[in-house]
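Report on one structure; see the data block that follows.
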Amino acid sequence: MNSGKTALGLLAGIATGALLGILFAPDSGRNTRKKIVQKGEGYVDDVKDKFNSMVDVAKDKYESIRNEAERLEEKGEEKYADVKAQFKNSMG
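Quick note on numbering that gives the first Met the number 0: the sequence shown kicks off at 0 and runs consecutively.
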């Protein structure tokens, strides 16, 4: 998740720089507001994409861990059945 925080921080820095550049550029108020809205929409889309990507990675890791846990559970059950059968055989 550290890379996610870094990406969000980077995007926030870029957005701040772009906003300051637009605000200090000589242009009319209407054009400046349009530019801010357009840039903002682009950054929102970028943040959504990054967030969705992080969610997808988290889902993949969850599924991988879940599958591994199920595999280990099955292996443990098989081992338990083998040990139980060996114990019964040795007892009589």
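Glycine is no exception: its CB is placed at the ideal position from the N, C-alpha and C atoms.
- If you look at S63, you'll find it in the alpha helix (DSSP H) that goes G28 to M90.
- Inter-residue distance for L10 and V54 is about 18 Å (C-alpha atoms, whole angstroms).
- Taking 8 Å as the upper bound for CB-CB distance, T31 and L22 are in contact here, some 7 Å apart.
- Rounded to whole angstroms, the gap between the alpha carbons of S27 and E67 is 60 Å.
- Counting along the chain, A14 sits inside the alpha helix (DSSP H) bounded by residues N1 to F23.
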